[in-house]
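Below is one structure, written out as structure tokens; comments come after it.
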Amino acid sequence: MKKLSEYLFLWAVGGCLYYTFELAFRGFSHWTMFVLGGLCLVFCTAQGRAGRWQDPLAFQVLRCIVFVTSCEFITGIIVNKWLGLGVWDYSDVPFQLFGQICLPFMALFGILCTVGIYLGGYLLHFLYGEEKPHIPIW
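FYI, full-length UniProt numbering numbers position 47 of the sequence shown as 47, with every residue one higher than the one before it.
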């Protein structure tokens with residue numbers, strides 16, 4: 001039950017933060033971005049915990065970028081293409097795929113994933129008494 005509580009808490013925090021991030025920088029967001037942002041923070045934390053926070057930060061960030069970009073692509077295909085909601089469109093951005101993912105935003109997600117790895121680990125440490133993250137840089 002404790003793990004469920006931890007992951008629901010992380011999901012809510014991640015959702016709120018990503019939704020707020022989009023509001024601040026784009027001026028709007030969509031409820032699906034709350035869901036996606038929460039899922040991504042849960043993954044950033046879970047992958048770190050799975051390795052007992054011992055994997056180098058670069059490897060953790062790379063795993064998270066692949067996960068986040070994959071989730072963004074799947075969500076984009078469903079939300080933007082199938083349902084036609086038009087939440088985002090990267091068609092005019094260089095190095096894009098079907099307007100749903102692009103290389104410049106993958107770089108931005110790398111920064112957000114780095115923050116998410118530390119944020120999730122330290123939130124669980126301070127609020128739930130979990131192991132304190134000791135993440136090697138290399």
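Cβ coordinates follow ideal geometry from the N, Cα and C atoms, glycine included.
Remember, predicted model here, so these are calculated numbers, not experimental data.
Measuring CA to CA, which of the options is closest to residue i?
i, options, result
"Y18", "Q96, L8 and W31", "W31"
"Y7", "W138, Y128 and T75", "Y128"
"F43", "I117, I137 and I135", "I117"
"Q60", "G37, G110 and F9", "G110"
"H134", "D55, G99 and F98", "D55"
"G37", "L83, M1 and F9", "F9"
"C102", "R49, A50, S70 and W82", "S70"
"F25", "L57, I137, L108 and W138", "L108"
"P136", "L57, K81, L83 and M106", "L57"
"R49", "K3, F98, W138 and M106", "K3"
"M33", "W82, K81, L83 and T75", "T75"
Using a threshold of 8 Å, state whether the C-beta atoms of residue i and residue j are closer than that.
i, j, result
"V115", "P104", "no"
"E131", "R52", "yes"
"C113", "I77", "no"
"Q47", "F73", "no"
How many whole angstroms separate the CB atoms of residue i and residue j, which I take to be in contact at a CB cut-off of 8 Å?
i, j, result
"C40", "V79", "At roughly 15 Å, the Cβ-Cβ gap does not stay under 8 Å, so C40 and V79 are not in contact."
Can you check whether the C-beta of residue i is within less than 8 Å of a C-beta belonging to chain B?
i, result
"L57", "Chain labels in this structure do not include chain B; a single protein chain is all it has."
For residue i, verify whether its CB is less than 7 Å away from any heavy atom of the ligand NAD.
i, result
"F25", "Only the bare structure without any ligand can be found here, which leaves the ligand NAD out of the picture."
*May I ask you to verify whether the stretch 77-93 touches the stretch 11-19, counting CB pairs closer than 8 Å and requiring at least 3?*
no
_Every unbroken beta strand (DSSP E) within the stretch 55-101, with a cutoff of 3 residues, ordered by chain_ = none
*asked:* If contact is defined by three or more beta carbon pairs under 8 Å, each pair taking one atom from either stretch, is the stretch 118-127 in contact with the stretch 94-101?
replied: no
*asked:* If we require 4 or more residues per run, which alpha helix (DSSP H) segments fall completely within the stretch 24-59?
replied: 31-50
_Could you tell me which whole alpha helix (DSSP H) segments of length 4 or greater appear in the stretch 99-133?_
DSSP runs (the alpha helix (DSSP H)) wholly in the stretch 99-133: 103-128.
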